[in-house]
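Colleague:
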Amino acid sequence: MEREPMSSDDRPEAAAAAAAESVQEQPQPLEWRFAQVFGERAAGEDVQEVDIISAIEFDKSGDHLATGDRGGRVVLFERTDSGDSASRRELERQDYPVARHPEFRYRTEFQSHEPEFDYLKSLEIEEKINKIKWCQTTNNALFLLSTNDKTIKYWKVTGQDLNHVARCRRVYAHAHDYHINSISNNSDGETFISADDLRINLWNLEISNQSFNIVDVKPANMEDLTEVITCAEFHPTHCNTLAYSSSKGTIRLIDLRQSALCDNHAKLFEEHDAPGSRSFFTEIIASVSDIKFARDGRHILSRDYMTLKLWDLNMDSGPVATFQVHEYLRPKLCDLYENDSIFDKFECCLSGDGLRVATGSYSNLFRVFGCAPGSTEASTLEASRNPMRHQVSNPARPTRTLTSLTRAVRRGGENTSVEANGNSYDLSTKLLHLAWHPTENSIACAAANSLYMYYA
0 MEREPMSSDD RPEAAAAAAA ESVQEQPQPL EWRFAQVFGE RAAGEDVQEV DIISAIEFDK
60 SGDHLATGDR GGRVVLFERT DSGDSASRRE LERQDYPVAR HPEFRYRTEF QSHEPEFDYL
120 KSLEIEEKIN KIKWCQTTNN ALFLLSTNDK TIKYWKVTGQ DLNHVARCRR VYAHAHDYHI
180 NSISNNSDGE TFISADDLRI NLWNLEISNQ SFNIVDVKPA NMEDLTEVIT CAEFHPTHCN
240 TLAYSSSKGT IRLIDLRQSA LCDNHAKLFE EHDAPGSRSF FTEIIASVSD IKFARDGRHI
300 LSRDYMTLKL WDLNMDSGPV ATFQVHEYLR PKLCDLYEND SIFDKFECCL SGDGLRVATG
360 SYSNLFRVFG CAPGSTEAST LEASRNPMRH QVSNPARPTR TLTSLTRAVR RGGENTSVEA
420 NGNSYDLSTK LLHLAWHPTE NSIACAAANS LYMYYA
């Protein structure tokens, strides 16, 4: 039988050229530069507990940034270098690289939450801001939601220059028996959800005295409780779709059109353990501490104690990519359990173009990974004026924290340092909170009371 003539696409040189072209198409690793810092500590300066940042959030435009702290304060920053935004957008439209130094300035701050006391349960409720979410801007006024463990507030900020006034428009309270771990705005601009360990409630922004319970995982007998809700987020464009994660490492996608109480999920995303690999710590480190939808709505990023995982909504067989963050700590899990570090809740974020993901670690380090197919980008940076100062050998890219309900036994202990790749890791300094600018390669992250910003 005669062989058919080899097409140009079958020739070795053509294949090599195609491979080279594929390599060239890979995004180049980013070179991160320090932009600015707010609230930087002097050497040896003590940090007050109330000043530690507990939430960071860019608004949809990226021109405003909000932080919340453990003292219940919300601080707003605004972009000051956006005067050339029109010409910048034109350059971006023509695919010209636009690397510039983003600059923000302090705009205003206000006391969002005060300490509360639940007399029915004799519980002291902290004022700490757990989450902040921006709402739609109207008539040059800024709107945002902030929440502590029990109470959500809706704020309107008006004014120009240094004369700003923050007014609380609504208070959404008395709807959660357990600590609120997340809030998320719906793309319809009218509703939002709040989630605690066992329930997710749906609110209308205009109605503060009524909410609808849409997810309830509370068993009839609390002794049968095996998992709790750890985070919940609305889909960025589909107003009927949301996802929530659990302490067992699962992510459930639900459709609000199916029923009033979404007991059944539309899709379940989980990664099964290899046979014989389970240990006492398996479920603890599998707990998902944060989830984020990609801007395109096609992917979900999740963070557990050891890894970042990227999931495709069309593939529920397992994550499409896994990024090792704390693999070097695996031999230290007993120590981490003893001093409670294993329960630290690290957040995660994605770039607006979906090409990169980021999360925090110990010693005020944060890590950025390329997630485009074939990318090997993996950078370890320090939250300081010189982010490249302590470059750490990055683990190769391969093939959490429980809430109060599931911490059956917690033992205290002193923070310790561990050695990995010849570097000392300080477990007492941890970068839990960070956010990626929605349209630019710019990251804001919190190191104790300091807000650091970087760009590439």
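Sequential numbering from 0 applies to the sequence shown in numbering that gives the first Met the number 0.
Note that beta-carbon positions come from the ideal geometry of N, C-alpha and C, so glycine has one too.
Compute the beta-carbon to beta-carbon distance between residue 112 and residue 123, rounded to the nearest angstrom, for a pair I have assumed lies under 8 Å.
Modeller: Counting from one through the sequence shown, the residue named residue 112 turns up at place 113. Counting from one through the sequence shown, the residue named residue 123 turns up at place 124. Between residue 112 and residue 123 the beta-carbon gap is near 13 Å, outside 8 Å, which marks them as no contact.
Colleague: Do residue 215 and residue 198 have their C-beta atoms closer together than 8 Å?
Modeller: Residue 215 sits at position 216 when you count from the first residue of the sequence shown. Residue 198 sits at position 199 when you count from the first residue of the sequence shown. Cβ atoms of residue 215 and residue 198: closer than 8 Å.
Colleague: For the beta strand (DSSP E) containing residue 115, name the first residue and the last one.
Modeller: Here residue 115 is taken as the residue at index 116 of the sequence shown, counted from 1. Its beta strand (DSSP E) spans residues 115-117.
Colleague: For residue 54, which option in 100, 130, 154, 334 has the closest C-alpha, if you only look at C-alpha atoms?
Modeller: As a working mapping, residue 54 is identified with position 55 in the sequence shown. For residue 54, the nearest C-alpha among the options comes from 130.
Colleague: With a Cβ-Cβ cutoff of 8 Å, do residue 244 and residue 284 count as a contact?
Modeller: The count along the sequence shown starts at 1 and reaches residue 244 at position 245. The count along the sequence shown starts at 1 and reaches residue 284 at position 285. Going by C-beta atoms, residue 244 is not nearer than 8 Å to residue 284.
Colleague: Only counting runs of 3 or more residues, tell me where the beta strand (DSSP E) segments fall wholly within the region 113-187, in order along the chain.
Modeller: Listed in chain order, the beta strand (DSSP E) runs fully inside the region 113-187 are 115-117, 122-124, 130-133, 141-146, 151-159, 162-171, 181-184, counting runs of at least 3 residues.
Colleague: Note down the Cα distance separating residue 259 from residue 366, rounded to an integer number of angstroms.
Modeller: Taking the sequence shown and counting its residues from 1, one reaches residue 259 at position 260. Taking the sequence shown and counting its residues from 1, one reaches residue 366 at position 367. Rounded to whole angstroms, residue 259 to residue 366 spans 40 Å at the Cα level.
Colleague: Let me know if residue 63 comes out buried or exposed under the rule of 16 or more other beta-carbons within 10 Å of its beta-carbon.
Modeller: Within the sequence shown, numbered from 1, the residue matching residue 63 stands at position 64. Counting Cβ neighbours within 10 Å, residue 63 comes out buried, since at least 16 surround it.
Colleague: Quick one: any contact between the region 262-273 and the region 299-314, if contact means 3 or more CB pairs under 8 Å?
Modeller: yes
Colleague: Pick out the complete beta strand (DSSP E) segments inside the region 223-310, 3 residues or longer, and give them in chain order.
Modeller: 228-233, 240-245, 250-254, 266-268, 289-292, 298-302
Colleague: If you follow the alpha helix (DSSP H) that residue 68 is in, where does it begin and where does it stop?
Modeller: One-based indexing of the sequence shown puts residue 68 at position 69. Run containing residue 68: none in the alpha helix (DSSP H); it sits in the beta strand (DSSP E), 63-68.
Colleague: Using three-state DSSP, classify residue 331 as helix, strand or coil.
Modeller: Here residue 331 is taken as the residue at index 332 of the sequence shown, counted from 1. Helix.
Colleague: Where do the N-terminal and C-terminal ends of the beta strand (DSSP E) with residue 37 fall, by residue?
Modeller: Stepping through the sequence shown from its first residue, residue 37 is reached at position 38. 32-37 is the extent of the beta strand (DSSP E) around residue 37.
Colleague: From residue 58 to residue 191, what distance separates their C-alpha atoms?
Modeller: One-based indexing of the sequence shown puts residue 58 at position 59. One-based indexing of the sequence shown puts residue 191 at position 192. About 16 Å.
Colleague: Assign residue 459 to one of two classes, buried (16 or more other C-beta atoms within 10 Å of its C-beta) or exposed (fewer than that).
Modeller: Here the chain comprises residues numbered 0 to 455, so residue 459 is not present and cannot be evaluated.
Colleague: Considering just the uninterrupted stretch of the beta strand (DSSP E) at residue 360, what are its terminal residues?
Modeller: Counting from one through the sequence shown, the residue named residue 360 turns up at place 361. First-last for residue 360: undefined, no H or E at that position.
Colleague: Which term fits residue 139, buried or exposed, when burial requires 16 or more other beta carbons within 10 angstroms of its beta carbon?
Modeller: For this step, residue 139 is matched to residue 140 along the sequence shown. By the 10 Å Cβ count, residue 139 comes out exposed.
Colleague: Report yes if the CB atom of residue 67 is closer than 8 Å to the CB atom of residue 181, and no otherwise.
Modeller: Against the sequence shown, residue 67 aligns to sequence position 68. Against the sequence shown, residue 181 aligns to sequence position 182. Cβ atoms of residue 67 and residue 181: not closer than 8 Å.
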